[in-house]
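When we follow my numbering, the leftmost residue of the sequence shown carries the number 3, and every step to the right adds one. Beta carbons are placed, not taken as given, at the ideal position from N, Cα and C, and that holds for glycine. Here the structure comes first, spelled out in structure tokens, and everything after it is commentary.
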Amino acid sequence: MLATGKPYRQRSDTASTGRRPWPDFSARTTASTLELVGQALDHLRDSAGTAAVDAAIDQADTALADAAIAATEPGHLTDALRDLLVEIRHCQRAGQVSSPELEARFRATATALARPAS
Numbered sequence: 003m004l005a006t007g008k009p010y011r012q013r014s015d016t017a018s019t020g021r022r023p024w025p026d027f028s029a030r031t032t033a034s035t036l037e038l039v040g041q042a043l044d045h046l047r048d049s050a051g052t053a054a055v056d057a058a059i060d061q062a063d064t065a066l067a068d069a070a071i072a073a074t075e076p077g078h079l080t081d082a083l084r085d086l087l088v089e090i091r092h093c094q095r096a097g098q099v100s101s102p103e104l105e106a107r108f109r110a111t112a113t114a115l116a117r118p119a120s
């Protein structure tokens, strides 16, 4: 029971209603994935070849899989994030630091994600 004296009511299960609990869940999941891909890119820039980069890549990869599942419709942003993550992983394995092209692609994806859907 809440302090107001009213009983606490949880949201209904998504399986029973057939709807997502939050209408912007897909957008929020994709945005958090973008943030994790950015963190992996930061780690690649600052400490290429270390376990921190591998951990950041793994975390972003897991979030990307969640974003793909949560997407209401497959989109080019999820594909762009996946491509960025593949490139970051390739640079990590090659022991290379981030490139200006990779940074520019990340900024372009972030800009596209920030645009309101039309």
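- For Arg117, no alpha helix (DSSP H) segment is defined, and its DSSP state is neither H nor E.
- The Cβ-Cβ distance between Ala65 and Ser34 falls below 8 Å.
- Ranking Thr80, His78, Val39 by CA distance to the CA of Ala62 puts Val39 first.
- Thr111 is positioned such that its CB atom lies no closer than 8 Å to that of Leu87.
- Taking C-alpha positions only, Gly51 is separated from Phe108 by approximately 20 Å.
- Nearest neighbour of Arg117 by Cα position, chosen from Ala58, Val55, Ser49, Leu79, turns out to be Leu79.
- For Val99, no alpha helix (DSSP H) segment is defined, and its DSSP state is neither H nor E.
- With 16 or more other Cβ atoms from the protein chains shown falling within 10 Å of its own Cβ, Ser100 counts as buried.
- At a Cβ-Cβ threshold of 8 Å, Ala42 and Ala58 count as neighbours.
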